[in-house]
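Report on the structure given below.
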Amino acid sequence: MTPHIEAKKEDIAKTVIMPGDPFRAKFIAENFLDDYKLVNQVRGMLAYTGVYKGKKVTVMGSGMGNPSMGIYSYELYKFYDVENIIRVGSCGIYTKKLKLYDVLLVEKTYSESTYANVQNENSEIFKFSSKKLNKSIETSAKELGYKINKVTAHCSDVFYKERNKFQFLYQKYKCSCVEMETFALFHNAQLLGKNASAILTVSDSLVTKEATTSKERERTFTNMMEIALNSINK
Ligand code: HPA
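Numbers 1427 to 1660, taken from the working numbering, label the letters of the sequence shown in order.
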């Protein structure tokens, strides 16, 4: 047990799939897993462990933002011996080259977050996903017949900005999407010698201001979840 997770060590799988929203973890367990059980309820951050196509997997909410993802991913890697974490989340887009509902695979994330600097005085502004996990995810998407776009993400600590300079980040660092959790996740994986990756579904466009409804998101999110689940042990 840790301050934030009450599960027994043996009740957490080596691979954890993490949506931001704990209710999405419940949705994944109820719709995709066999023999699942609820293994964490501390702070409502629901985690379920079950079986997908014969493989043991845990699905758990990460909460929103680097601090929340930072706590859960650290505890899972360090105290539960988790090897792989795949974030499945939503993102906004910074370019018209992508569109709503596109599924993205993060290769690299840029952030102005202080997370890594505060954590261990690491001053890198880019963090990378696992090449091994990304390969499995690409194979999985191909098998399922879903298109997946490889991107550089912007991992922002601020959702509501007075001035959003996304065009600058798109030009300077080729950030084509924005979300709020990959930087802490990838940093923790790097720190602890583990694997992390992120699959994102586009929920809104900073360029055209289009947005999806929560009902639509629920339906289309399932492609991303299937890709993540089907990638385990590929
Ligand atoms: N900003 C940050 N995170 C997000 C966004 C956004 O516009 N859309 C979905 N996740």
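Don't be surprised by glycine CBs; every beta carbon is placed ideally from N, CA and C.
Cβ pair residue i, residue j closer than 8 Å
i     : j     : result
T1565 : E1509 : no
V1477 : L1502 : no
D1437 : V1465 : yes
N1457 : L1559 : no
S1537 : I1551 : yes
V1485 : A1451 : yes
I1512 : I1443 : yes
Residue i CB to nearest heavy atom of the ligand HPA below 7 Å
i     : result
E1605 : yes
G1476 : no
L1464 : no
F1594 : no
D1528 : no
C1517 : yes
L1632 : yes
S1582 : yes
F1609 : no
S1494 : no
Whole-angstrom C-beta distance between residue j and residue i, which should lie under 8 Å
i     : j     : result
S1602 : T1578 : 7 Å
F1609 : T1627 : Not really, about 19 Å apart at Cβ, beyond 8 Å.
E1547 : C1581 : Actually they are not in contact, since the Cβ atoms of E1547 and C1581 sit about 19 Å apart, beyond 8 Å.
G1487 : D1447 : 6 Å
Pick out the complete beta strand (DSSP E) segments inside the region 1487-1559, 3 residues or longer, and give them in chain order.
Within the region 1487-1559, the complete beta strand (DSSP E) runs of at least 3 residues are 1510-1519, 1529-1536 and 1552-1554.
Where in the region 1555-1612 do unbroken runs of the beta strand (DSSP E), each at least 3 residues long, occur, reported from the N-terminal end onward?
1575-1581 and 1601-1605
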